[in-house]
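The opening position of the sequence shown corresponds to residue 0 in numbering that gives the first Met the number 0, with each subsequent residue numbered one higher. The beta-carbon is built from N, C-alpha and C at its ideal position, and this holds for glycine as well. Just so it is clear, the structure is predicted and the values come from calculations on it, not from any experiment.
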Amino acid sequence: MDFINVTPNYQPHVALIALNRPKELNALNLQLMQELKLALQALDNDDTVRAIVLTGNEKAFAAGADIKQMADKTAVDMLKIDQFSTWDQIRKTRKPLIAAVSGFALGGGCELAMTCDMIVASETAMFGQPEIKIGVMPGAGGTQRLTKAIGKARAMEMVLTGKFIDAHEALSFGLINKVVPVEMYLAEALNLATQIAQMSPIAAMLAKEAINRSFETHLDEGLHFERKNFYLTFSSEDQTEGMQAFVEKRKPNYQGK
Ligand code: DAK
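The following block contains the structure:
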């Protein structure tokens, strides 16, 4: 992997992926996105991994898709490259995925963070969808996920003016989970991932799936979906272990079975 570093068990049951194109502020070129897709697929299939943290570096989570790589493309080129299938695959990651964001999370970088299930940010983080400034618009979920997260008025302002918001605004708008000092953002994201990794990975996967379903369906259907996943947890050994541990007043030891 040239543009990402992957450590499957960075902490027990927690994997870390770090985007690694520092000179280009982690601009998301095609190769990086391909590598990220493959890494997430591998971690999703790795039974030792229960949660994944995706990060960049202090200066940039990612400053967007690689503008230089896109600049001379036609619509037909974009259609043929079909980068959306890569993004779709990333979106389908079944394990909990936490973005640890410091510095710029712009355009595709902001969209990538929003594709994650939770976002922990440093005080220096800046979020934005500045595509309008280069004559295009968000293409990887920015108009949809941002609007659902922060509401129409704020999303319109960010997408139509390209203005950035800082980490505290992002927190108050409900875009992110936490803001911490810059020296703590990665540790805090890993800490959150470790908390999740102590739960049943089966229950976590099914719960994530059900929450995501709420964005795609109406309440009746969503509740029906939730119910099926709830029943499914009762077919796991982890359910027996979790409830038994409660009764026996001990800590559960989940096996992901
Ligand atoms: N692409 C390519 N290179 C970038 C880049 C980007 N998005 N952002 C920064 N760089 C490069 C700069 O060109 C510069 O390289 P050199 O000139 O040194 O070779 C280096 O990173 C350092 O950047 P700066 O010198 O500009 O650093 P500053 O601190 O002065 O400014 C900045 C930081 C983040 C404010 C600035 O770099 C900036 O405005 N960057 C562009 C931000 C942006 O417009 N982002 C949105 C890009 S459009 C799709 C999915 C997603 C997308 C499209 C399609 N499909 C599935 C099809 C997404 C589109 C976008 O994200």
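For residue i, the three-state DSSP class (helix, strand or coil)
i, result
"A26", "coil"
"M69", "helix"
"L15", "strand"
"K151", "helix"
"N44", "coil"
"Q10", "strand"
"L174", "coil"
Residue from the options whose Cα sits closest to the Cα of residue i
i, options, result
"V119", "Q238, I195, I175, I16", "I175"
"K262", "T85, A70, D1, A192", "Because the chain here runs from 0 to 256, residue 262 falls outside it and cannot be looked at."
"K58", "M125, N44, Y9", "M125"
"K151", "E34, F172, H167, G241", "F172"
"A166", "Q143, A244, Y230, C109", "C109"
"A188", "Q33, L27, G55", "G55"
"D87", "K147, S121, C115, A74", "C115"
"T257", "G255, V246, L27, L185", "Residue 257 lies beyond the stretch modelled for the chain, which goes from 0 to 256, so this question has no answer here."
Residue i classed as buried or exposed, judged by whether at least 16 other C-beta atoms fall within 10 angstroms
i, result
"T216", "exposed"
"P21", "exposed"
"D1", "exposed"
"A70", "exposed"
Residue j beta carbon less than 7 Å from that of residue i
i, j, result
"S235", "I201", "yes"
"M198", "R93", "no"
"D45", "P11", "no"
"F103", "L24", "yes"
"V13", "T193", "yes"
"I97", "V52", "yes"
"L259", "A62", "Past the edges of the chain, shown from 0 to 256, lies residue 259, and the structure says nothing about it."
"L39", "V48", "no"
"K132", "G107", "no"
"A209", "E225", "yes"
"Y9", "L15", "yes"
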